[in-house]
Each structure stands twice: as C-alpha cells, then as structure tokens.
Amino acid sequence: MDTAVQSPSDETLMLAYADGDGDGDAFAELYARHRARLFHYLLGQLRDRSLAEELFQDVWQKMIHARNGWRPDAAFATWLFRIAHNRLNDHWRAARHRPVAPDDADERTARLADTCTPELLADEQAQRLELRQALAELPPEQQEVVILRLEQELSLEEIGQITGVGRETVKSRLRYAMDKLRARLSQ
C-alpha cells in the first residue's frame, strides 16, 4: 500500500485560495513553488535587481487581486507568468524604451546563489557572463522566449499564452534566437 501523500496541484491550491476564504496556506505553497522562477524571469528581463524585486511584488499583488477571477482553463504557472509578462510590458511602455543594462549587470546576475565548488562556479560564471552578453544582443521578443523556454522550462504553448502570440511565432523566435546564440558563442 502506497502511503506517500501527494501534494495538491497548483490549480487545486489556487482554487482553495480563490474560493473567497483566502486560504493563507494555499497561497504560501504557491508562493514557495513559484517565487524563484518568477524572480529569475523578471531579473533576466530587467537586469536590475531592485527593479526586478519591485515588479516581483507587483506581480504577486496583481495575482492576489485577480484571484477571484482565476479559472483553471490554463495552468496556474502560465497565468502567473502572463501577469508578469503584462507587468513587464506596462513597465517598458511607461519607460518608452528599454533601459541600458547597468555596467555590472552580468556580475550581479552571476552572483546569484550557487552551491557549486569555487572552481566550477568560476567556470560557470564565465559561461553565464558570455551567455548573458550574447542574450543581451538579441531582440527583446527573442530574449523573452529564450528565458521562458530555457530558464523557466515552459512549453511553446505556455510561452504563446504568456506572450500573446501563436505557437509557431514562439517556435520561430526561439529558432532564430538559438541560431544567433550558437553563432555568437562559437566565435
């Protein structure tokens, strides 16, 4: 007899949270499951830790305010990342341009917690720095699909739902981005 307790799905937790009681335990579990991925997505798009932290809080606030309207038509993670995508669009629209990354943006990103040995960490930091520089050279639409696919491990369909474009457009953007990254990194 299997006595393992299966964790409730994100959708089950969201339904519990959205049912009007505002189940704090359900919210805490959703937050614990998705906070790191969401923050890294925002940081990858913004390349500014303090701004990423600000938008991170905004996304969770928007999720809290929109909880009663949530329906399990799409995966919770897809819905959450769609909120983040929309918040980023609001930010860029308000700024009217994508700000230049700070000079030390790559070092900031490379300093994110890592449990590797110092030797592996140094090698990985160099590789990450090179990848981040190559990623920064891509158009914003291609950057976003690469981050959502590779870092967030979302499907093409989920990325399409988040970005508001079709699966084939996501696939095309990802293919062009990967070709450009391969060419840049092989130099």
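Under this note's numbering, the sequence shown has 74 at position 73, and the numbering climbs by one with no breaks. Every residue gets a Cβ at the ideal spot worked out from N, C-alpha and C, and that includes glycine.
Notebook entry, point to check: Where do the ends of the alpha helix (DSSP H) carrying residue 161 lie?
Noted result: Along the sequence shown, read from residue 1 onward, the residue named residue 161 stands at position 160. Counting along the chain, the alpha helix (DSSP H) containing residue 161 begins and ends at 157–164.
Checklist line | Collapsed DSSP secondary structure at residue 62 in the structure displayed | finding: Your numbering for residue 62 matches position 61 in the sequence shown. Reduced to three states, the DSSP call for residue 62 is helix.
Check: Is it the case that the Cβ atoms of residue 148 and residue 86 are separated by a distance below 8 Å?
Finding: Position 147 of the sequence shown, counting from 1, holds the residue named residue 148. Position 85 of the sequence shown, counting from 1, holds the residue named residue 86. In this structure, residue 86 does not lie closer than 8 Å to residue 148 by Cβ.
Next item on the list: Label residue 137 either buried or exposed according to how many other C-beta atoms from any shown protein chain fall within 10 Å of its C-beta, with 16 as the threshold for buried.
Entry: For this step, residue 137 is matched to residue 136 along the sequence shown. Counting Cβ neighbours within 10 Å, residue 137 comes out exposed, since fewer than 16 surround it.
Check: Under a Cβ-count criterion, where at least 16 other Cβ atoms within 10 Å of its own Cβ denotes burial, should residue 18 be classed as buried or exposed?
Finding: Locating residue 18 in the sequence shown gives position 17, counting from the first residue. So residue 18 counts as buried.
Item checked: residue 141 - containing alpha helix (DSSP H), residue span -> Here residue 141 refers to the residue found at position 140 when the sequence shown is read from its first residue. Counting along the chain, the alpha helix (DSSP H) containing residue 141 begins and ends at 141–147.
Notebook entry, point to check: If you run the structure through DSSP and keep just helix, strand and coil, what is residue 51?
Noted result: The residue given as residue 51 occupies position 50 in the sequence shown. If DSSP states are grouped into helix, strand and coil, residue 51 belongs with the helices.
Notebook entry, point to check: Mind checking if residue 7 is an interface residue toward chain D, Cβ cutoff 8 Å exclusive?
Noted result: Reference to chain D is not applicable here, since this structure consists of a single protein chain.
Next item on the list: Go ahead and label residue 186 buried or exposed: buried means 16 or more other beta carbons lie within 10 angstroms of its beta carbon, across all protein chains shown.
Entry: Position 185 of the sequence shown, counted from the start, is the residue given in the question as residue 186. Residue 186 comes out exposed.
Item checked: Best match in 97, 7, 56, 150 for proximity to residue 172 [C-alpha to C-alpha] -> Within the sequence shown, residue 172 is the residue found at index 171, counting from 1. The candidate whose alpha carbon is nearest that of residue 172 is 150.
Note to self: Please report the straight-line C-alpha distance between residue 7 and residue 34, rounded to a whole angstrom.
What the structure shows: Stepping through the sequence shown from its first residue, residue 7 is reached at position 6. Stepping through the sequence shown from its first residue, residue 34 is reached at position 33. The alpha-carbon atoms of residue 7 and residue 34 are separated by roughly 15 Å.
Item checked: residue 80, enclosing alpha helix (DSSP H) - first and last residue -> If you number the sequence shown from 1, residue 80 lands on position 79. For residue 80, the enclosing alpha helix (DSSP H) covers residues 77–96.
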